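Data first, discussion second: the structure below is written as structure tokens.
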Amino acid sequence: MPVRRQPRRTSEVTSSVWPSGGRHLWPSGGTSAAQSHARGHLVYAAGGVLAVQTERGTSIVPANRIAWTPAGFTHRHRAHGDTDMRIVFLTPSLARLVPDRPAVFLASGLAREILLALTGPGPGPEPGSGTGGDRDATPGRSRPARTRLLRVLVDELREAHEQPLHLPEPRDDRLRAVARMLHEDPASSATLTELGKAIGAGTRTLSRLFRDELGMTFYEWRTQLRIHHALVLLADGHDTTRTAYACGWTNPSSFIAAFTDVIGTTPGRYRTARHGR
-3 MPVRRQPRRT SEVTSSVWPS GGRHLWPSGG TSAAQSHARG HLVYAAGGVL AVQTERGTSI
57 VPANRIAWTP AGFTHRHRAH GDTDMRIVFL TPSLARLVPD RPAVFLASGL AREILLALTG
117 PGPGPEPGSG TGGDRDATPG RSRPARTRLL RVLVDELREA HEQPLHLPEP RDDRLRAVAR
177 MLHEDPASSA TLTELGKAIG AGTRTLSRLF RDELGMTFYE WRTQLRIHHA LVLLADGHDT
237 TRTAYACGWT NPSSFIAAFT DVIGTTPGRY RTARHGR
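Per my numbering, residue -3 is the first one in the sequence shown, and the count goes up by one each step.
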């Protein structure tokens, strides 16, 4: 049964933006307009959960992940739970060292601290004013200091494993129809055969399309979708048991095991970390 979303706790976006990055405080449910940038950028949710949608699919960014969107990719951001979004742009020379497609990385402790240092409030000038006439400097930091931090950050990302939190977007009309049904009801237990009958496509054809177009099986894709939905519900304050059933698991134990395998911590600990600040 679908779960009712929690009401918003804030009503407007508060932003601090400068040429090299910025910080946006989003209310739960806040959504950006479609946009693209001349430079690739990293986003990190210091609070809440962030969804990044591109033509390639949707990435979910919880507290221990960093999302990368290359230059030129049209994208949207959506906040789940009141979200403290940090954004850092990379120069072309650094962007060449990371993938040329949207990706999600595990955030090491060092990477997280660098992102916060590059985007958090500092003792220096206001965002955008720069330091010593340097408009591209992070507030309170000179261009050389920022460049050193960015190099270390990119090194950390190159050492990190990409995370299975990017849900690829189908292009084939038959896959899109299946995806639409599962997005509308993540708890659905329908088999691929049953879904295929509903849209007039064979099981073998759909299985091949999932492998060839999305690089995963139907069951892997559906599990990924359910984990995405679970992160959203947990960010909205729902408990583990209710989230498990809303996302299609038959019992909380199997949900906890699947969630921990993907996210690296239990739903309860994740929820406490997000709401026990």
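Every residue gets a Cβ at the ideal spot worked out from N, C-alpha and C, and that includes glycine. Note that the structure is a prediction, hence the values are computed from the model and not measured.
If you look at D169, you'll find it isn't in any beta strand (DSSP E); it sits in the alpha helix (DSSP H) that goes 169 to 180.
Within the same chain, Cβ atoms closer than 8 Å to the Cβ of T239 are found at V(-1), A226, L229, L230, F251, P263, the five residues on either side in sequence being excluded. Residues H37, R82, I83, V84, F85, L114, T115, T134 of the same chain have their beta carbon placed closer than 8 Å to that of G17, with the five preceding and five following residues left out of the count. Here A183 really is in contact with Y241; their C-beta atoms are around 7 Å apart, less than 8 Å.
Per the C-alpha coordinates, the member of G68, H71, D168, L102 positioned closest to R154 is L102. If you draw a straight line from the Cα of P166 to the Cα of I110, it is about 35 Å long.
The DSSP-derived three-state label of W245 is coil.
When L145, L149, F206, L161 are compared, the shortest CA-CA separation from V174 is found for F206.
In this structure, G26 and G77 do not form a Cβ contact; the two beta carbons are roughly 10 Å apart against a cut-off of 8 Å.
Only residues of its own chain outside the window of five on either side were considered, and among them A240 have a CB closer than 8 Å to the CB of N247, listed in chain order. Remark: C-beta atoms of R170 and I195 approach each other more closely than 8 Å. For D80, the enclosing beta strand (DSSP E) covers residues 71 to 85. Around L145, the same chain offers I110, A113, L114 as residues with beta carbons nearer than 7 Å, after the five sequence neighbours per side are excluded. Non-local beta-carbon contacts of S11 in its own chain, meaning distances under 6 Å to residues more than five positions away in sequence, involve H20 in chain order. Per DSSP, G105 is one residue of the alpha helix (DSSP H) stretching across 105 to 115. A straight line joining the alpha-carbon of G105 with that of D181 spans about 36 Å.
Of the other Cβ atoms in all chains shown, fewer than 16 fall within 10 Å of the Cβ of S249; this residue is therefore exposed. Going by beta carbons, R92 and R52 fall outside the 8 Å limit.
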